[in-house]
Amino acid sequence: MSESNPTPSAPPEPKSGASRRTYVLVFVALAVITALEVGVTYLPVPRVPVLVPLALIKAGLVALFYMHLKYDRRVFGLVFLAGLLMGVGLILSLLALFAPGA
Amino acid sequence: MHSSTTTPPAEPTALGISSQKLGIWVLLGSEAVFFSSLIVTYIVFHGRGTSGPTSHQVLDVTLTAVNTFVLICSSLTMVTALSAIERGAATATRNWLAATALLGLAFLTGQAFEFTKLAGLGVSIGGNLFGATFFTLTGFHGAHVLAGVIWIGFVLARALRGGLTQQKHEAVELVGLYWHFVDLVWIIIFTVVYLI
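Protein chains in written order, with my numbering: chain V, 1 to 102; chain S, 1001 to 1196.
Listed below in structure tokens is the structure:
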């Protein structure tokens, strides 16, 4: 009986793959990194080499866990990656052409 | 008892995946190119103005950091709404969707406050290259947030009518993907425009 009728204390696992605990941990990581980023602006350190990787880590956390690319079908990630690569290519090309000192 | 008003499930593609979900990912890929063009335009041109205030003179990092935190909170509430409907918790889903919409409105209020403050400091879209590129980039992002809030409103209305169930909830997932993408774009804008 119990095999065919699960107890109410055992809810089904979410389809999206991640647990609520994971979502909260990602939120904490995003908040802490944001605080770090703001803190960096008050320190005498080069900003681009520090802040750009931190932003990419945050963006990666959102894409992998909140947008479920870590758990979902790979084709979705590939479609998105195609757009991202075109965007990054656009940014690098235009920076090479028009950035101050280029 | 099949209702004549029941929405049919999305057609699967040849890959066996939801055509609606694939469509959203194609949209987000194209949006990535769109925002890349705006971001690089800001990077190249914002410092080339010969008159008027510059970004470092007028932008308020603290205010925007609070606004960034609001958007991060909204991503958590959105993904919690999806988790709730996947468990069949309809009331929790409605509450988390409403919380997400309210946080989106809070972000837009903060952005409106910032734009008003900048206008008072003499920054305008036609004033100099900083103003033109800044308002174009952040304005388009704000328009995307507004579109997301309206979309969440439609999904919330559907949830209130009982149109979302544990088995049929793709609408929450689709609006969630869009919402998280808007958050992701803001993460990059916050770094490029306000911090660097």
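Don't be surprised by glycine CBs; every beta carbon is placed ideally from N, CA and C.
Amino acids of chain V, ordered along the chain, whose beta-carbon sits closer than 7 Å to that of residue i
i	result
F1134 (chain S)	Within 7 Å Cβ-Cβ: nothing; F1134 (chain S) doesn't reach chain V, min ~17 Å.
T1074 (chain S)	The sequence given here places Ser at residue 1074 (chain S); Thr does not occur at that position. Ordered by position in chain V, no residue passes the 7 Å Cβ test against S1074 (chain S), which lies about 10 Å from the chain.
V1026 (chain S)	V79
Neighbouring residues, chain S, relative to residue i (Cβ below 8 Å)
i	result
A96 (chain V)	Within chain S, no residue comes near A96 (chain V); the closest Cβ sits about 11 Å away, beyond 8 Å.
L51 (chain V)	T1191, L1195, I1196
Y23 (chain V)	L1076, V1079, T1080, S1083
Rounded straight-line distance, which links the Cα of residue j to that of residue i
i	j	result
G1088 (chain S)	V1155 (chain S)	16 Å
T1006 (chain S)	R1094 (chain S)	The predicted position of T1006 (chain S) is uncertain, since its pLDDT is 48 and thus under 50; a value taken from the coordinates is nonetheless stated next. Roughly 20 Å separates the two Cα atoms.
R47 (chain V)	A1098 (chain S)	37 Å
C1073 (chain S)	F27 (chain V)	7 Å
D1060 (chain S)	L1076 (chain S)	25 Å
L1177 (chain S)	F1045 (chain S)	31 Å
L85 (chain V)	R1048 (chain S)	27 Å
L1137 (chain S)	V45 (chain V)	27 Å
Q1020 (chain S)	G1127 (chain S)	42 Å
V1182 (chain S)	T1050 (chain S)	32 Å
R21 (chain V)	T1080 (chain S)	10 Å
A1157 (chain S)	E1086 (chain S)	18 Å
Neighbour list for residue i in chain V, Cβ cutoff strictly below 9 Å
i	result
H1144 (chain S)	The premise fails here: H1144 (chain S) is roughly 15 Å from chain V at the closest Cβ pair, so nothing lies under 9 Å.
Residue i: contacting residues in chain V (beta-carbon distance under 8 Å)
i	result
G1131 (chain S)	The premise fails here: G1131 (chain S) is roughly 19 Å from chain V at the closest Cβ pair, so nothing lies under 8 Å.
V1033 (chain S)	G83, M86, G87, L90
Neighbour list for residue i in chain S, Cβ cutoff strictly below 7 Å
i	result
K58 (chain V)	I1187
G39 (chain V)	The premise fails here: G39 (chain V) is roughly 10 Å from chain S at the closest Cβ pair, so nothing lies under 7 Å.
Residue i vs residue j beta-carbon contact at 8 Å
i	j	result
Y1194 (chain S)	T1054 (chain S)	no
L1108 (chain S)	G1142 (chain S)	yes
L1164 (chain S)	A1171 (chain S)	yes
A59 (chain V)	I1188 (chain S)	yes
L54 (chain V)	L36 (chain V)	yes
L92 (chain V)	T1191 (chain S)	no
G1153 (chain S)	W1179 (chain S)	no
Within chain S, the residues that residue i reaches when beta carbons sit closer than 9 Å
i	result
V62 (chain V)	I1072, S1075, H1180, F1181, D1183, L1184, I1187
Check: residue i C-beta below 7 Å from any heavy atom of the ligand ZN
i	result
V50 (chain V)	Only the bare structure without any ligand can be found here, which leaves the ligand ZN out of the picture.
Note down, one range per segment and in chain order, each alpha helix (DSSP H) of at least 4 residues found wholly within the segment 1026-1058 of chain S. 1055-1058
Inside the segment 1134-1162 of chain S only - alpha helix (DSSP H) runs reaching at least 4 residues: none
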